[in-house]
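For the sequence shown, UniProt numbering gives the first residue as 1, with consecutive numbering after it.
Even glycine gets a Cβ: it sits at the ideal position worked out from N, Cα and C.
Let me begin by presenting the structure, written as structure tokens, before commenting on it.
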Amino acid sequence: MPRLAIAHWSGSGSVTLAAQLIADGSRAEGVEADLIDVSKIGDAGWETLAQADAIIFGTPTYMGGPAAGFKAFMDATGSAIFVKRQWLDKLAGGFTSGVNTGGDKLATLHALSIFAAQQGMVWIGQDVIGAPVIEGNRGLNVSGTFLGLAVNSDGEGGLTEGCESSARHYGARMARAARRWSQD
Numbered sequence: 001m002p003r004l005a006i007a008h009w010s011g012s013g014s015v016t017l018a019a020q021l022i023a024d025g026s027r028a029e030g031v032e033a034d035l036i037d038v039s040k041i042g043d044a045g046w047e048t049l050a051q052a053d054a055i056i057f058g059t060p061t062y063m064g065g066p067a068a069g070f071k072a073f074m075d076a077t078g079s080a081i082f083v084k085r086q087w088l089d090k091l092a093g094g095f096t097s098g099v100n101t102g103g104d105k106l107a108t109l110h111a112l113s114i115f116a117a118q119q120g121m122v123w124i125g126q127d128v129i130g131a132p133v134i135e136g137n138r139g140l141n142v143s144g145t146f147l148g149l150a151v152n153s154d155g156e157g158g159l160t161e162g163c164e165s166s167a168r169h170y171g172a173r174m175a176r177a178a179r180r181w182s183q184d
């Protein structure tokens, strides 16, 4: 069974909620999903990332980029992960949250995808075209962002309408990709 790890940092709780929903979507597809709070990562967390077939990175967007707590995790991969190419050819994806609808979340997804590329990972974005383009997809990919998952926080640790189903859908997509990628 493929294994997916969701490495995340959350300020208000909305990223943690999105990570849980992504994990739910992955598990519904029969893929094991582990949540790793990078602020408390420890040796076991690093080992979980090493064993994962796919890693999804999640952080709020603060001031137009990844939050400092998540950026510290990114920087910590320098000598131990990056130089040794330990994540080479793993699948990668990313998600971010912010209170404002736009909120420069795409800049954070750019940073996460570049981070994955530097690690030699293969990036997986969104696959679904949301409404109003395809009316039957109302509530999916509500941000219209294809590089990854961009959700809106309600400012109190929750997510706005449509974001929960979008997170589950993205988790399912990552699970299907991990299953295909890990086949012999």
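Check                                                                                                                                                    : Outcome
Residues in the same chain with beta-carbon distance under 7 Å from Glu-164, minus the five sequence neighbours each way, listed in chain order, please. : Leu-21
State buried or exposed for Ser-79, treating a residue as buried only when at least 16 other CB atoms are found within 10 Å of its CB.                   : exposed
According to DSSP, is Gly-128 helix, strand or coil?                                                                                                     : For the record, residue 128 in the displayed sequence is Val; it is not Gly. In this structure, Val-128 counts as coil in the three-state DSSP scheme.
Restricting to Cα atoms, I'd like to know which of Trp-87, Arg-173, Pro-60, Gly-11 is closest to Trp-46.                                                 : Trp-87
Can you list, in chain order, the stretches of the beta strand (DSSP E) that have 3 or more residues and sit fully within the stretch 13-91?             : 32-37, 54-62
Beta-carbon within less than 8 Å of Asp-53's beta-carbon, same chain only, minus the 5 sequence neighbours each way: which residues are those?           : Pro-2, Arg-3, Leu-4, Lys-90, Leu-91, Ala-178, Trp-181, Ser-182
Straight-line CA distance for Val-83 to Thr-77?                                                                                                          : 9 Å
How big is the Cα-Cα spacing for Thr-61 and Asn-100?                                                                                                     : 10 Å
Within the continuous beta strand (DSSP E) that includes Arg-179, where are the two ends?                                                                : No beta strand (DSSP E) contains Arg-179, which is instead part of the alpha helix (DSSP H) from 163-181.
Look at the Cβ atom of Thr-16, then the Cβ atom of Gly-65, and state whether they are nearer than 8 Å.                                                   : no
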